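Chemist:
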Amino acid sequence: MILPVIMAGGAGSRLWPLSRGNRPKQFLPLVSCRSMLQETVFRLKGLQQHAPTLICNEEHRFITAEQIRQAQVINCKIILEPVGRNTAPAIALAALKAVEEGEDPILLVLAADHVIKNVNAFHDAIEKAKVQAEQGDMVTFGIVPTHAETGYGYIKRGAEASKNCFRVAEFVEKPALATAQEYLASGDYYWNSGMFMFKASRYLEELNAFRPDIYAACAEAIQEQTPDLDFIRVNKVAFEACPDESIDYAVMEKTERAVVVPLDAGWSDVGGFSALWDVADKDENGNVFDGDVVSVDTTNCLVLGDEKLVATVGVQDLVIVNTKDAVLVAHKDKAQDVKHIVNKLKADGRSEVTFHREVYRPWGKYDSVDSGERFQVKRITVKPGAKLSVQMHHHRAEHWIVVSGTAKVTIDETEQFVTENQSVYIPITAVHALENPGKVDLELIEVQSGSYLGEDDIVRFQDRYGRA
1 MILPVIMAGG AGSRLWPLSR GNRPKQFLPL VSCRSMLQET VFRLKGLQQH APTLICNEEH
61 RFITAEQIRQ AQVINCKIIL EPVGRNTAPA IALAALKAVE EGEDPILLVL AADHVIKNVN
121 AFHDAIEKAK VQAEQGDMVT FGIVPTHAET GYGYIKRGAE ASKNCFRVAE FVEKPALATA
181 QEYLASGDYY WNSGMFMFKA SRYLEELNAF RPDIYAACAE AIQEQTPDLD FIRVNKVAFE
241 ACPDESIDYA VMEKTERAVV VPLDAGWSDV GGFSALWDVA DKDENGNVFD GDVVSVDTTN
301 CLVLGDEKLV ATVGVQDLVI VNTKDAVLVA HKDKAQDVKH IVNKLKADGR SEVTFHREVY
361 RPWGKYDSVD SGERFQVKRI TVKPGAKLSV QMHHHRAEHW IVVSGTAKVT IDETEQFVTE
421 NQSVYIPITA VHALENPGKV DLELIEVQSG SYLGEDDIVR FQDRYGRA
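Oh and the sequence shown: position 150 is 150 in full-length UniProt numbering, straight run, nothing missing.
#1: Return the first residue and the last residue of the alpha helix (DSSP H) that glutamine 70 is part of.
#2: Under the criterion of a Cβ to heavy atom distance below 7 Å, does methionine 138 qualify as lining the ligand ZN?
#3: So, helix, strand or coil for histidine 123, using DSSP?
#4: Is arginine 23 near phenylalanine 122, with beta carbons less than 8 Å apart?
#5: Check whether the stretch 215-226 touches the stretch 148-162, counting contact only when three or more Cβ pairs, one atom from each stretch, lie closer than 8 Å.
#6: Using the beta-carbon count (16 or more within 10 Å), is glutamate 398 buried or exposed?
#7: My output table needs one value for isoleucine 458: the three-state DSSP class, helix, strand or coil.
#8: On a Cα-Cα basis, can you pick out the residue from Asp248, Val259 and Thr354 that is closest to glycine 10?
#9: Buried or exposed: which applies to glutamate 39, given that a residue is buried once 16 or more other Cβ atoms fall within 10 Å of its Cβ?
#10: If you drop the 5 nearest sequence neighbours on each side, which residues of the same chain put their C-beta closer than 6 Å to that of tyrosine 189?
#11: Hey, would you say isoleucine 78 sits closer than 8 Å to threonine 64, going by beta carbons?
#12: Going by C-alpha to C-alpha distance, which of Val342, Phe171, Leu96 and Leu442 sits closest to asparagine 208?
#13: According to DSSP, is residue 485 helix, strand or coil?
#14: Going by Cα to Cα distance, which pick from Thr414, Pro384 and Ser389 is closest to aspartate 441?
#15: Would you kindly report the start and end of the unbroken alpha helix (DSSP H) that includes lysine 77?
#16: I'd like the list of long-range same chain contacts for cysteine 165, defined as Cβ closer than 7 Å, with 5 residues on each side in sequence excluded.
#17: Leucine 263 by DSSP, collapsed to three states: which one?
#18: Please list the terminal residues of the continuous alpha helix (DSSP H) segment that includes threonine 87.
#19: The alpha helix (DSSP H) that contains threonine 179, what's its start and end?
#20: Which residue's Cα is closest to the Cα of isoleucine 106: Phe198, Ile91, Ala430 and Ile426?
#21: Using the DSSP secondary-structure output, state which residues sit across from lysine 378 in a beta bridge.
#22: Rounded to a whole number of angstroms, what is the C-alpha to C-alpha distance between glycine 266 and aspartate 124?
#23: Restricting to Cα atoms, I'd like to know which of Leu444, Asp367, Tyr203 and Val382 is closest to isoleucine 91.
#24: Is the Cβ-Cβ distance between valine 313 and aspartate 297 less than 8 Å?
#25: Looking at the strands, I want to know which residues DSSP matches up with tyrosine 360.
#26: Pick from Leu15, Ser162, Leu302 and Glu134: whose alpha carbon is nearest that of lysine 282?
#27: Kindly give me the distance between the Cβ atoms of alanine 169 and glycine 158, rounded to whole angstroms, as I take these residues to be in contact under 8 Å.
#28: Go through the UniProt domain "MannoseP isomerase/GMP-like beta-helix" (291-345) residue by residue and report every complete run of the beta strand (DSSP E) that reaches 3 residues or more, in order.
#29: Aspartate 137: which of Ser389, Ser162, Ala335 and Leu318 sits nearest, CA to CA?
#30: Residues in the same chain with beta-carbon distance under 6 Å from alanine 335, minus the five sequence neighbours each way, listed in chain order, please.
#31: Tell me where the alpha helix (DSSP H) around residue 475 begins and ends.
#32: From this set, Arg379, Tyr360 and Arg361, which residue's C-alpha is nearest serine 368's C-alpha?
#33: Helix or strand or just coil, what does DSSP make of valine 288?
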């Protein structure tokens with residue numbers, strides 16, 4: 001049986017302001033109504049497989065679990081990385097967990113943020129790779145190139161291992177344009193997709209042979225596991241000691257059993273806005289519009305709107321992204337340089353590099369509607385049956401006005417129900433909690449007032465989600 005291992009880390013800085021630190025691109029619906037993580041899960045349907053194992057970091061654990069729940073995937077394991085240590089250690093955790101449970105499945109290692117348009121071709125490639133993996137080979141999927149791309153590493157194929165499956169002759173770094181053109185013309189090179197297939201035990205054998213330091217750190221980390229709701233936590237100290245290394249450098253470039261299966265399935269890693277424009281459906285003028293967009297004499301543009309109207313006149317080859325709290329305008333040819341904006345925002349300490357105005361929490365979400373000196377206004381959505389932590393604030397009072405649904409409010413051990421068009425006041429230092437006892441979303445407006453309004457002015461006493 002195949003065990004899909006989905007790596008859901010990464011920041012996606014080249015898609016700012018859509019993608020940010022607390023909600024990177026794998027959690028965004030960039031190419032359909034589903035997020036890229038959910039699309040990754042859905043394209044596995046039809047394969048003989050175990051429930052997937054996901055690897056994500058601590059910060060993204062709740063949004064990962066929520067999106068998997070929405071995708072109606074059951075028995076999914078979510079392993080939390082205490083810190084980011086690249087792909088070789090992440091895959092090692094999944095492999096060690098699989099072997100620990102007395103099985104030796106074939107791991108299908110996938111990234112959570114790829115686009116694959118032709119699912120049938122993807123499945124066909126997996127079946128070819130499975131045959132090689134069962135024989136002990138370390139399989140990588142090579143994307144059949146459509147143009148001379150300088151943004152990807154390449155894989156050179158060698159002798160044929162089986163029909164349309166080749167021994168790997170060489171892994172090569174991202175080439176200059178002239179070299180990429182030579183690769184394309186030769187027909188012997190593929191883009192390195194970052195997707196792999198091998199037995200769990202074979203990966204661990206090869207990792208232990210070439211990088212025993214990584215193997216030892218991961219083996220020590222997985223020995224001490226702590227179940228936490230939907231998540232599996234490993235030993236933080238042991239994993240922090242693990243070297244930061246990709247699977248390519250740690251194993252695939254060293255093993256003598258590497259094979260490549262060509263994949264021609266409309267693949268993209270959506271590494272920037274130009275790539276997003278490439279894979280999206282376009283109108284007769286080559287434009288990709290999403291949201292409330294009105295255009296005149298506009299060609300070959302990507303315009304993404306969020307709530308507000310975006311109007312364009314007499315422009316071409318532009319990327320325009322409008323979110324609730326930031327607007328990006330860039331030439332398509334310079335779209336990869338958005339990462340420089342992100343670096344500048346980080347250097348300036350701007351919150352927009354990490355946080356959207358709308359922030360997801362395990363109980364629901366909140367949208368920071370307005371703020372000023374000594375006040376902040378949020379629209380809060382609490383899922384049915386969910387409860388915020390029992391908490392208090394040293395520096396702010398809060399007013400809650402229920403817009404729809406029913407709230408169960410506790411203030412200093414006194415419980416009350418607050419329904420639509422009613423409000424309640426929470427004084428400074430009052431111990432309080434908010435719960436949705438109903439069957440529909442609870443929507444309310446929260447008005448904070450006080451001398452300090454930061455999220456770190458929360459003292460949690462009890463919490464269903466392990467944050468107390």
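Idealized CB from N, CA, C, for every residue including glycine.
Remember, it's a predicted structure, so these values are computed and weren't measured experimentally.
Modeler: So, from the data block:
#1: 61-70
#2: Questions concerning the ligand ZN fall outside what the structure shown contains, since it holds no ligand whatsoever.
#3: helix
#4: no
#5: no
#6: buried
#7: coil
#8: Thr354
#9: It is buried - the Cβ of glutamate 39 has at least 16 other Cβ atoms within 10 Å.
#10: Cβ within range, chain order: Tyr154, Lys156 and Tyr183.
#11: Judged by beta-carbon spacing, threonine 64 lies within the 8 Å limit of isoleucine 78, meaning their Cβ atoms are closer than that value.
#12: If we check each option's Cα against that of asparagine 208, Leu96 comes out closest.
#13: No information on residue 485 is available, as it lies outside the stretch 1 to 468 that the chain covers here.
#14: Pro384
#15: Taken as a continuous stretch (DSSP letters only), lysine 77 belongs to no alpha helix (DSSP H), being part of the beta strand (DSSP E) at 77-81.
#16: Lys128, Gln132, Val259 and Val261
#17: strand
#18: 87-100
#19: 177-186
#20: Phe198
#21: Ser368 and Glu446
#22: 14 Å
#23: Tyr203
#24: yes
#25: Lys365
#26: Leu302
#27: 4 Å
#28: You should have 293-296, 302-304, 310-313, 318-322 and 327-331.
#29: Ser162
#30: Gly272, Phe273, Ser274 and Val319
#31: Nothing can be reported for residue 475, as the shown portion of the chain is limited to 1 through 468.
#32: Arg379
#33: strand
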